[in-house]
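Protein chains in written order, with the numbering used here: chain A, 208 to 217; chain B, 498 to 708.
Note that CB positions come from ideal geometry on N, CA and C, so glycine has one too.
This report concerns only the one structure given below.
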């Protein structure tokens with residue numbers, strides 16, 4: 208399952 | 498960015514500051530699990546590798562640096578400066594029981610089989626179990642200093658606030674990060690019995706002591 212690359216959360 | 502996430506990050510930072518203040522002022526790390534702090538340092542190290550490559554915002558970069566510093570200073574205080582006060586006998590949780598399944602799962606269940614993505618997944622799975630050595634140590638000694646319970650409260654609260662943040666982001670921007678959400682639920686569940694003791698005992702001015 209594809210998810211956002213480059214996670215923006217800490 | 499939403500209020501739940503900001504409150505979550507502040508709660509997380511507050512927890513780390515409370516722990517540093519406790520160790521520094523009491524010049525002791527009695528009752529603190531050094532193993533959990535090593536796991537947290539590992540979580541931040543494996544998660545924030547993109548610190549220099551993937552700029553998101555000033556806030557994001559500053560917080561990552563602060564979190565890494567807090568984690569490593571805490572580990573240094575426990576195993577370095579105040580190692581004589583470290584209760585290694587009661588800090589006996591076997592880390593391999595956590596690391597092996599977490600490493601295995603991060604290779605099996607991830608968003609893409611790339612080094613940075615697997616390390617990020619590893620950090621998410623590891624964070625959900627990183628507090629277990631600390632909770633195990635408290636159950637073994639049967640009690641915890643009040644300031645340590647405040648540390649644990651804000652640490653548990655941070656991920657609970659992140660759950661609210663994910664609900665908010667799902668409804669406002671259709672954002673859904675399954676690995677982070679499932680791990681965050683598991684992580685927060687581990688704190689439930691502590692939350693119960695914290696609210697029924699510590700907030701009533703009693704000392705946290707397990708039956």
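Mind listing the chain A neighbours of residue i? Cutoff is C-beta to C-beta under 7 Å, in chain order.
| i | result |
| --- | --- |
| residue 617 of chain B | 214 |
| residue 553 of chain B | 215 |
| residue 656 of chain B | The contacting residues do not exist; residue 656 of chain B stays about 11 Å from chain A at best. |
How would you write the range of the alpha helix (DSSP H) that residue i sits in, first residue to last?
| i | result |
| --- | --- |
| residue 509 of chain B | 500-523 |
| residue 677 of chain B | 675-697 |
Under 8 Å by Cβ, that's how I've got residue i and residue j pegged, so tell me the actual separation to the nearest angstrom.
| i | j | result |
| --- | --- | --- |
| residue 529 of chain B | residue 651 of chain B | Going by Cβ atoms, the distance from residue 529 of chain B to residue 651 of chain B rounds to 15 Å, so no, they are not a contact pair. |
| residue 619 of chain B | residue 543 of chain B | 5 Å |
| residue 616 of chain B | residue 546 of chain B | 6 Å |
| residue 540 of chain B | residue 627 of chain B | 6 Å |
| residue 217 of chain A | residue 506 of chain B | 6 Å |
| residue 625 of chain B | residue 680 of chain B | 4 Å |
Chain A beta carbons: is any one of them nearer than 8 Å to that of residue i?
| i | result |
| --- | --- |
| residue 560 of chain B | yes |
| residue 564 of chain B | yes |
| residue 671 of chain B | no |
| residue 506 of chain B | yes |
Does the CB of residue i have a neighbour CB from chain B at under 8 Å?
| i | result |
| --- | --- |
| residue 208 of chain A | Note that residue 208 of chain A scores a pLDDT of 46, beneath 50, so its modelled location is shaky and nothing firm can be said. |
Residues of chain A with CB under 8 Å from residue i, in chain order?
| i | result |
| --- | --- |
| residue 557 of chain B | 215, 217 |
| residue 502 of chain B | 216 |
Mind listing, in chain order, the continuous alpha helix (DSSP H) runs of no fewer than 4 residues lying wholly within the segment 544-617 of chain B?
For the segment 544-617 of chain B, whole alpha helix (DSSP H) runs of length 4 or above, ordered along the chain, are 555-573, 593-605.
Unbroken alpha helix (DSSP H) runs of length 4 or more, entirely within the segment 632-666 of chain B: which are they?
For secondary structure counted as the alpha helix (DSSP H) over 4 or more consecutive residues, the segment 632-666 of chain B holds no complete run.
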